[in-house]
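Residue numbers (our numbering), protein chains in the order written: chain L, 5 to 515; chain D, 931 to 1896.
Ideal Cβ placement from N, Cα and C applies to all residues, glycine included.
Comments concern the structure below.
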Amino acid sequence: CAKKLDLYPQNDLTPETTYATADGYKNVLAKVYGGLATTGNTGPAGSSDIQGLDEGSQSPFIRGFFNCQELPTDEAVVAWNDQTIKDFHNLKWSSADPFLLGMYARPIYNITISNEYLREATDDKLASRGIEGAEADDIKKSRAEVRFLRAFNYWVMMDLFGKSTFITEDDAIGTDLPAEIGRADLFTYIESELLAIDADLAPAKTIEYGRVDQAAAWALLARMYLNAKTYSGADRYADALNYAQKVISSGYTLRPGYAKLFMADNDKQKDEFIFAVNCDGLKTQSYGNTTFFAHAAAGDDASSKYGVNGGWYGYRTTSAFANLFADKTGATDQRALFSNLGNETISDISNFGQGVQVRKYVNLRSDGQPTSDVQRNFADIDFPVFRLSEMYLVYAECFLRGGGGDKATALEYLNKIRFRAYGESYGPGDVGRLTDFDLQTILDERARELYWEGHRRTDLIRYGLLTSNTYLWPWKGGVASGTGVDSKYNIFPVPATNLTANPNLTQNDGY
Amino acid sequence: QEKTVTGKVTDLKDGSPVAGASVLVKGTNTGTQTKEDGSFSLNVPASATTIVISHIGFAPQELLIGSAPMKISLVAANSSLNDIVVVAYGTRKKGDLTGAVTAVTTKDFQKGVNNSSEQLLQGKVAGLQITSGGGSAGGGSKIRIRAGASLNASNDPLIVVDGVPVEGNGIAGSANVLSTINPNDIESMSVLKDASATALYGSRASNGVIIITTKKGAKGKIKLNFNSTASAGIVPKKIDVLSANEVRSIINEDAAASGNNTYKDLLGSANTDWQDEIYQAALGFDNNISASGSIGKIPFRVSLGYLNQDGILKTNNFKRLSSSLNLNPRFFDDHLAINLAVKASKTNNRFANEGAIGSAVSFDPTQPVYADNKYGGFFEWLQPNDTPVNLATRNPLALLELRDNTSGVNRIIGNVQLDYKLHFLPDLHVLVNLGIDNISGDGNDNTDPIAATNFLTNGRYVYYKENKKNTLADVSLFYNKELTSLNSKVDLLVGHSYQDFLTENFNYPAYGADGVLIPGSEPAFATDRPRFRLESYLARLNLTIADKYLLTASLRRDASSKFSKENRVGYFPALAAAWKLKDQFFKTSSFISDLKLRLGWGITGQQDGIGYYSYLPVYKASNNTAQYQFGDMFYTFLRPEGYDPNIRWETTTTSNAGIDFGFFNNRITGNVDYFYKKTKDLLSTVPVAPGANFVNQITTNVGNMEIKGVELAINTVPVKTANLTWEFGFNYTYNKQTITNLLKQEDPNFKGIEVSGISGGTGNNIGKHFVGYSPYTYNVYKQVYDPTTGKPIEGLYEDINRDGQINSDDRYFYKKPAPDVLIGINTQLTYKSFSLGLAAHGYFGNYLYNNYFSNSGVIRSIKNPINFIGNASANYLETGFENNQYLSDYYIENASFLRLDNINIGYNVGKIFKDAASLRLAASIQNVLIITKYKGLDPENASDSGVDNNIYPRPRIFSLGLNLDF
C-alpha cells in the first residue's frame, strides 16, 4: 500500500528527464534568456517566477530596470499611484519598497536558474547522458552564454544595490543561506567571468539571432570599465576604450532611421544591436517588457501613435530632459520623439496631461505590416541592451577621461551618431555636426541617443549629478523646482524582507 | 399485592398519542410500553409510588402513582440527552459526548428557502461562522469553525457526507460544492469543534469537521412528503453613488473654474441608474417530493427535488435537479445491516458576469444605456476610430447580456456500508464502508462578437471541463462490551481507511465566433491529472464507568502522498474525559436536570490548501505565450520549480474544557466551552533568502499561531403550555487569534508579511501578518482631520515615528477583519397551529476596509484621467479628495453588525383530503434587516482579508411554501 503514496504529476518533468536530450537543455536555456523578457511560465501573467508581488509591475526585468534607472532621473516621471512608485522620481525610497524587492529578486532569480543550468551542463553530465557531437558543442557554447547572462545580472545588482547575494553553480539549492559579495569583489568576479568565457562564446555576429556572442561580453566589459570608479574605486578608462573599440571593430553599423530601432520589427536592426532582449506580442508576452513602454507612455493616442489598443497614461519625461534637444519637434534631430510639448510644465505629477510625452517605443512595424498580436495588447519590440552607439560614446568619453585613443576617432564616432540622428545628414547648415566636445557634450549626447534605455541613472552618478544640488530637474527630490537629496540615494537599499530571510546580507549606509 | 396503573401518554405539542413509550416503576424492571393509542396498563406492586415514562425524543418524566387514569404529556426534548449524535466514525448518545460537538437536526433547521446546505447551520452553532460569498444564486460560503487554524493553507473544515469525506474545493462550473446537496435530504449536521472530537480525522481535522447525514428509510407504511416553495428576491440596498445631476453639476462647476471643457463636452443628457439596469427581481421555485417506508422488509427513502433560482443580477440562474436513494435492509436476524446511500444531482449554472456590478457603480450616469453603434447597441466609450477606449469602464448591461457562461455539474456521492455483527461474538461488528464522490463539471463561456470587450477577436468562445473522483474504502472493527461486574462499558474501534482524490482538468483553447482559434489561447497541455492519496489507521476507545465517568482515547496514523517518504506519516492522538456531575451530586435534583464536565485534548493536522507535489523537484513547461526566440524558432521554457523537500502538515494542539448543563427539567439547556488552539509548523508562505531556492517565497512550515476562545450556547423553553410554546436559543462565541511567530530565525527589523491586496493602483496591500497581531491586521497611515470641519485632509498623515517624513515606516497596525464576538439568536413561538420563528446573527469587533470608498470616493473617478467620465461614491461628497488615498485608516470601518436573517410564519392546517394528508403552510422573509454602522453595502464579508469591493448584494427573499405529508 505504501507504494501507492508515491505519486508524480502528469505533466511535469524530473530533473533527469528534463536534461535527457539536447532539446531539454535548449528549453532551459530559453528560460534563462526568457527571465529578462517574461515574468513567468504563463504569458503575460499567471505563474510568476517572483511571488508575493504584482507580477506585471514588480517582477519583470525590463520594467523594473527602467524604474530604477530612469524614474529617479530627469528622463522619466510617473503619474500613477501604485504603492511607492512615485518615490523613485522623488528620490526618497525605503528598504520596504516593493518595486525594489522585485528588482532585487529578478536578477537573483535569473542567476539562480543560470546556476542550475551550469550544474547540469557540465561535460561530465553531458557525457553521462549520451549527448555528444554538435549538440554537445552547442551546449558548451550555451554554457558560456549563460555565464554571460549571469554576469550581466550581477552587473545589474552591482549597479543598483552596490552589493549582491552571491551564489554560483557550486551552491546547491535549499541547503545553506547564500553569502553576500561587496561591490569591488563583485566587479572583479564579473570581470573574471567575462574574460574567462571569451574563448567559448561564438565570434561576433555568428550565432543564431537572440543568443549572445563575444561582442556582448566586450560591450558589458566596456560599460563596466567606464563606471569602474563608481564600482571599485579605480579608473579603468583605457580598458573601457579598448573593449568599446573591439566591439566597434566587429562589423556593426548604425542603421538609418533612429525611430525604426524601437519599432515592432526592430529585429531587422540587428546590425546595430549587440544584445537585445527578444519580445513578441504573441509568443513572449509580459506586462513588463516593451509592452510596458508602448502602453505606459501612451494616452488617447495609443492606437494611432503607439500601435497598442489603449494607453496606460503613466510615464512621460520632464522639460529638463526635453530641453537637451535644441529642436524638440524632431524636425531636425529625429531622436526627439515627443508630443504634448505645449504642456511641458508639471504642476501636478499625477496629471498625465502635464509633461512631455515620449514616443520612442511604438508597436508599429516600419514596413506597415500588422504586428503579431491582433488584439494589440502585447508588443513585438525587442529591447536593445547594448547598441553600437553606446560603444561610440564610451570611446569618446574615455578619450576625454584619459583612457587613450584619439580625438579624431572620437569625433568621427560622435558624428556618426549625429549623422544618423539628423536623418543621414547633419541637418540644415550642418547644425548637427560636432567639431569639438567636452564631458558635458558626451553626457547630453548619451541622454539624447540612449534615453529610456536604462543608462541615465548610472551616467548621472558617474558625473556626480544624481543626488547633488549641481543639476536640478522638475520634481527632483519631490519638489517642483527640484532639490538635491542625501547621497545615500546613489545606491538602492537592500530590501528589508531579504535581510530578514538571510542574515548574511547587510544594509547599505543610510538605510 | 398489586395494583393496576392505567393512563395515556400524549405529545404535549399536538396532543397526539405517543406509542411505544416506556413505562417503568422507578427503581425496578417492572414496566410496559404504550400502545398505538398511547394508552398503557401496568400491574405494579402496592408499594410502588413512582413511575418513569420515557421515549426517545422526549424528556423523561417521573410521576407519583395516582388512583385515577393518568394523563401524561411528554415534552419533546430540544436537547434530549438520549438523542443520537453522529460523531467521527460512529454515533453517540448526546449525554455521553466527551468532545465539543453540536448537532443540528431537521427540527432545528431554518424554515423557508434554504438553497444551500450550509445555510441550515447559520447562527445555530457557537463557534461556527458561515458567510455567504454574496447574493449569487447557488453561490458558496466561507465556513469557519473556531476561526480556522491556518494562515496560508486552507481554513475550511472537513466535510463528511454519510461517512464519505468529500472534496471541498470548488470545481469548474460550480461556485459551491455543497450546493449540489439538496438541503431537504439532510437529516442532521454535526459540527465537531475540538480536537478530541475531530482527531479521528487526523491530518484533515484542524479546522473542525462537519458531518452531514442524510435522511434514511423508516420501517412501516410508505409515507410521502411534498413540499414546494416559491420565492422572490429583491436587492435590499444599492451602493450609494452620485446621481446624473450631481455628476453634471460637478463637471460643470469644474469646467467653469478651470476653463477646460474636456469633460464637460463628454457629458450626456440621460439620467441612468445603472444599478437599476443590472438587477432584477429574482424568482425561485423549489419543489421536493420524497417517499419513505418499506418495500417488503427493506426500508427505503427516495427523493427528488428541483430548484430553479434566479439571481438578482440579470442573467444569473441556478438550477438543481437532485435525487437521493437510501436503502437500509437487514439480514440474518439483523446481524448484517446494509446502508446504501446515493445522492445524485445535476446543477446548471448560468454565471452572470459579476464585473457588471463594479461597472454599474462607476459608469457615467449621464449616459444612456443604449446608443447607435456596432457594439450591440449598448453605449460604450469610444475612441475617434470607433474602437472602445481601452481602459474605460464597459457598459454594465452589455457585460451581462453579451456574455453567456453556462455550466452543468453532475455529482454522485454514494456509499454502501456493510455492518456485520458476528454471529459467534455479537459484541463485535465489522463495518465496511465503500464510497465515491464523483463530480464532473463542464461549460461554455461565450462572449458575443459584438461585445466591446472581445470584438478584436470576433468574440470569445471557450469550453471548459473538470472532473473529480474521490474514492474511499474503510474497514473498521467495533467491539462493545458491558462489564457489569465493573459497572462499566467499553467500546473499541480499530479501522483502516484509504482515500484517493483524483482531479482531471481538461484544457481547451478559445475561439472566435467564426471558429478561428484565438492566438495564444492554446493550452500547454490538453489534460492534467493532479492526484493525492491518504492512507490511515485509526483506533478509539470509549470507556464508561458507572455511567458517570466517560473516557475517550483515540489515535490516527495518517500517511499522505503530499509529503516525502520521510515526512509522510503523522500520528494524531486525542484524549477526552467527561464527568456526569448530575448523576454524581444532583441525582435527585429537579432543578439541575443535567450537568456534565468535559475535558479534551488532542493534536490534529492540516494539509489542505497546499500543492499535491510540493516536496518534489520538478521542471514545468511554459505555455505558448511565454516562450523565447532563438533564430526563427520560439522555444518553450522548462522552469525548475521551487520546492520544499521537508514540507509536512501543520499541527494544531487543542485543549478544550466544557460544561453541559440543563435546568428545570431541561427547560434550559446549554453548554459553555473554553478552548485554546495552538498551531505550530504553520504552512505559511514566507520570503526565502534570495538565491536559496527557485522561488523567493515558499509555502513551508514556519510560524505559530494561537487561538483562544469561549463559546456559550443556551436553549430555553420559557413557556410551555398545552397551546403555547416559546423556545429561545442564543449562542455566543469569543475568539482571539494571534500570530506568535512567523520566522525561522529572529530578526528585530522584521516588518511583517504584506497581505490583503486591494483594488486600485497596482499591487497595493492594506494588511499584514505580523507577530503579536491577528492575521490580516490592517497596516495603514493615520489620517489627520481638519479640526474645524472634521473632514480628512487629503494626503496628510501622522508622522508616527516622528522622523520628520512620512513613509512606509509610519504605517501602523489598526484593527483587523476577524470578529471578536459572534452571536446567534433563534426563537420559535408556537400557538396551537401557528408558529412564528426568528433567527439572527451578529459579529462584533470586526472591521472592513471600504475599498469602494477608497477607490471611488475621489474626483478622479468622475473625471477619469483616461478622458472619460465615470461615477464616484457618494463618499466623495464627504472627503472632496482629488487623488486616491488608498492606505489611509479613514477607510477602515467598524463592520460590527446584527442581521435578522429570517422571519417565518407557519400554519399547520392539519388533516385534509378526508384525513389522507396533512398540510402545513409557511411564509418567510430572509435577510430581513441589518443593523450596523458600516457605511458600505454589507458589513458581512466573506474575504479573510477584510477588503470590501464589488460584492454581489445578498438578496432579501420573500417566500411562500407548503408542505404536504400523505
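- The DSSP-derived three-state label of Gln963 of chain D is strand.
- Annotation: the continuous alpha helix (DSSP H) that includes Trp222 of chain L extends over Gln218 to Leu230.
- Counting the other Cβ atoms within 10 Å of the Cβ of Leu1447 of chain D gives fewer than 16, which makes it exposed.
- Chain order gives no chain D residues near Pro64 of chain L, where near means a beta carbon separation below 9 Å; the closest approach is about 12 Å.
- Of all C-beta pairs linking the segment 131–147 of chain L to the segment 84–93 of chain L, fewer than three are shorter than 8 Å, placing the two stretches out of contact.
- In this structure, the beta-carbon distance from Ile1637 of chain D to Ala1018 of chain D does not fall below 8 Å.
- Sorting D:Gly1020, D:Thr1629, D:Ser969 and D:Phe988 by C-alpha distance to the C-alpha of Leu942 of chain D places D:Phe988 at the top.
- Cβ-Cβ distances below 8 Å link Tyr1727 of chain D to Tyr1711, Lys1712, Gln1713, Val1714, Ile1736, Asp1740 and Ser1818 in the same chain, with the five nearest sequence neighbours on each side left out; the list follows chain order.
- Where Asn1838 of chain D is concerned, the enclosing beta strand (DSSP E) starts and stops at Phe1827 to Ile1842.
- In the same chain as Asn1368 of chain D, and ignoring 5 residues on each side of it, the C-beta atoms closer than 6 Å to its own belong to Ile1342 and Lys1399, in chain order.
- When C-beta distances to chain L are compared with 8 Å, the residues of the segment 1308–1333 of chain D below that value are Gln1313, Asn1315, Thr1317, Val1319, Asn1320 and Leu1321, in chain order.
- With a threshold of 16 other beta carbon atoms within 10 Å, Gly1189 of chain D falls short and is exposed.
- Pairing Glu1676 of chain D with Pro1617 of chain D, the inter-Cα distance amounts to about 14 Å.
- In summary, the residues of the segment 348–373 of chain L whose CB is separated from some CB of chain D by less than 8 Å are Ser354, Asn355, Phe356 and Gly357, in the order they occur in the chain.
- When rounded, the separation of the alpha-carbon atoms in Thr22 of chain L and Asp142 of chain L is 17 Å.
- Phe1431 of chain D: member of the beta strand (DSSP E) spanning Ser1418 to Phe1436, first to last residue.
- Per DSSP, the unbroken alpha helix (DSSP H) holding Gly68 of chain L starts and ends at Phe65 to Gln73.
- With contact defined as three or more Cβ pairs closer than 8 Å, the segment 1686–1700 of chain D and the segment 1870–1879 of chain D are in contact.
- Neighbourhood of Trp84 of chain L in chain D, by CB distance below 8 Å: Gly1691 and Thr1692, in chain order.
- Close partners of Ala1622 of chain D in chain L (Cβ separation under 9 Å): Thr116, Thr169, Ile171, Asp175, Ile177, Gly178, Thr179, Asp180, Leu181, Pro182, Ala505 and Asn506.
- According to DSSP, residue pairing for Lys1650 of chain D in a beta bridge involves D:Thr1655.
- Going by DSSP, Asp1513 of chain D is part of the alpha helix (DSSP H) stretching over Leu1511 to Phe1515.
- Close to chain L, meaning a Cβ-Cβ distance shorter than 9 Å, is no residue of the segment 1513–1538 of chain D at all.
- For Ile1228 of chain D, the closest of D:Pro1356, D:Ala1148, D:Asp1590 and D:Tyr1501 by C-alpha to C-alpha distance is D:Ala1148.
- Listed along the chain, the chain L residues whose CB falls inside 7 Å of the CB of Asn1665 of chain D amount to none; the nearest CB is some 27 Å away.
- The criterion of a C-beta distance shorter than 8 Å is not satisfied by Thr1581 of chain D and Gly1592 of chain D.
- One thing to note: Ile1219 of chain D has its Cβ no nearer than 8 Å to the Cβ of Ser1199 of chain D.
- The Cβ-Cβ distance between Val948 of chain D and Leu1004 of chain D falls below 8 Å.
- Residue-level contact by beta carbon holds for Asn1553 of chain D and chain L, with a gap shorter than 8 Å.
- For Leu198 of chain L, the closest alpha carbon among the candidates L:Tyr515, L:Ala226, L:Glu173 and L:Ile353 is that of L:Ala226.
- Taking all protein chains in view, the Cβ of Thr1707 of chain D is crowded by 16 or more other Cβ atoms within 10 Å, so the residue is classified as buried.
- Here His1353 of chain D is exposed: its Cβ has fewer than 16 other Cβ atoms, across all protein chains shown, within 10 Å.
- A direct Cα-to-Cα measurement between Phe70 of chain L and Gly1639 of chain D gives close to 51 Å.
- Beta bridge pairing from DSSP links His1699 of chain D with D:Ile1683.
- For Lys1145 of chain D, no beta strand (DSSP E) segment is defined, and its DSSP state is neither H nor E.
- At least 8 Å separates the CB of Val955 of chain D from every CB of chain L.
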